[in-house]
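Numbering (my numbering), first residue to last: 22 to 464.
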């Protein structure tokens, strides 16, 4: 028993010493960290980000953008590889051959050098290069498409967080108002001018309001997490969006025209169509021969020159007796036709999205005006109900009900106004008004 006790004591002693060492190390690092570094970290954590800053951050920091940029670099290297097929190619062959000279068998080393320069490939090399170049353009168009998707997601996350914050402020005021009303009815109960049921009802409404606010507090944290994941920033708070930030043409037809001309989805589908056309041309010329200027030199025993040849050669291949060529050409034509249909589908989808957002935006704007007017009426009615309750003409339930209806109207106003901002910003994304990156930057 004594041995076990001493063993346990030694273990606890070692653990305690290790803990002390870690604490001392942490204290040393804390006090030896430059004040400027600590202040910089605090300033980053306490920074209030505006929407333009968040849009810039999502383009610069999001892994999807980095991955697509790496793909573009890969396509550029493949383009350089295709261009290199215009240059000469060199080959070296070496080996040994048996020879019989004067009834003496000997092994001779042979070295063969060959250089070939393509002179004319009947468009095959040029079409391969054109396909590789168009593939780079497709990657750049896809980069813009992905950036638009990220901008759209950021706009949605930003407006959702702004919505949750405004609802949080409304519910904070609602809890404070219900707390005041609850204290008021408690005093009246103590003065024997209110019933216990009124006190219990006021307390119940207060608990409901606090529960609703706690739910909104959790939603605020979730919205911050979503926005931080998109932008890769330590977001703590955001700045409210100025009213004059929304900039769209007044005429709906102008919005549709801008969306069609600046649509990243349509541009990407159009580039894919160009790539399919380049692929058709490439497959059509794949059967063509290649004319080479060729020079070769054979050296025996690595010393004496036995043969030099310079001339023009023609090389061609026909896989599967030409059936492979026919199948590949037909597949390329089918791909080209499907790409043409994809462009039209993209145009139709953009028009549908724009019309839907325009209609929603108008409806939401009308609802904002109506709800805003109703809130003013609720405030007047609430003040009147409180006076009538004190005069004995209204019940306490009437006062609490009108308070709850006013809070619901305020929350609805915030929600509808947020939807209007969201529809407006999504339209700005579609017309390219929020673009942070342009296609030329990655060419």
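Where is the CB? At the ideal position from N, CA and C, for every residue including glycine.
Residue i, DSSP secondary structure in three states
i, result
"residue 139", "strand"
"residue 332", "strand"
"residue 212", "coil"
"residue 133", "strand"
"residue 460", "Here residue 460 scores only 40 on pLDDT, less than 50, and its place in the model should not be relied on; the value that follows carries that caveat. Three-state result, residue 460: helix."
"residue 18", "A question about residue 18 goes unanswered here, because the residues of the chain that appear run from 22 up to 464."
"residue 319", "strand"
"residue 110", "strand"
"residue 311", "strand"
"residue 15", "Here the chain covers residues 22 to 464 and nothing more, so residue 15 does not appear."
"residue 273", "helix"
Local Cβ density within 10 Å of residue i, reported as buried at 16 or more and exposed below that
i, result
"residue 82", "exposed"
"residue 271", "exposed"
"residue 213", "exposed"
"residue 42", "With a pLDDT of only 48 at residue 42, under the threshold of 50, the placement of this residue in the model should not be trusted, and no figure is reported."
"residue 420", "buried"
"residue 62", "Because the pLDDT at residue 62 is just 47, under 50, the model does not fix this residue reliably, and the point stays unresolved."
"residue 413", "exposed"
"residue 264", "exposed"
"residue 75", "buried"
"residue 160", "buried"
"residue 331", "exposed"
"residue 197", "exposed"
"residue 380", "exposed"
Cβ-Cβ distance between residue i and residue j below 8 Å
i, j, result
"residue 267", "residue 171", "no"
"residue 374", "residue 451", "yes"
"residue 248", "residue 179", "yes"
"residue 484", "residue 154", "With the chain represented from 22 up to 464, any question about residue 484 goes unanswered, as that position is not in the structure."
"residue 294", "residue 360", "yes"
Whole-angstrom distance between residue j and residue i, CA atom to CA atom
i, j, result
"residue 386", "residue 147", "56 Å"
"residue 97", "residue 162", "14 Å"
"residue 195", "residue 440", "23 Å"
"residue 356", "residue 363", "10 Å"
"residue 258", "residue 277", "34 Å"
"residue 169", "residue 296", "22 Å"
"residue 436", "residue 184", "6 Å"
"residue 454", "residue 344", "50 Å"
"residue 48", "residue 68", "Interpretation of residue 48 is limited by its pLDDT of 44, a score under 50 that renders its predicted location unreliable; the figure taken from the coordinates is listed afterwards. If you take the alpha carbons of residue 48 and residue 68, they lie about 27 Å apart."
"residue 444", "residue 88", "29 Å"
"residue 108", "residue 86", "34 Å"
"residue 522", "residue 165", "Not covered by the structure: residue 522. The range shown for the chain is 22 to 464."
"residue 70", "residue 426", "34 Å"
"residue 456", "residue 438", "24 Å"
"residue 235", "residue 243", "13 Å"
"residue 404", "residue 371", "49 Å"
"residue 309", "residue 181", "59 Å"
For residue i, the nearest candidate out of the options (CA to CA)
i, options, result
"residue 369", "217, 286 and 139", "286"
"residue 333", "313, 342, 345 and 150", "313"
"residue 497", "311, 262, 318 and 176", "Nothing in the structure corresponds to residue 497, since the chain is present only between 22 and 464."
"residue 392", "316, 431 and 149", "431"
"residue 352", "390, 305, 318 and 397", "305"
"residue 105", "202, 274, 139 and 244", "139"
"residue 398", "365, 382, 428 and 381", "428"
"residue 336", "416, 311 and 289", "311"
"residue 150", "346, 381 and 300", "300"
"residue 131", "317, 219, 290 and 434", "317"
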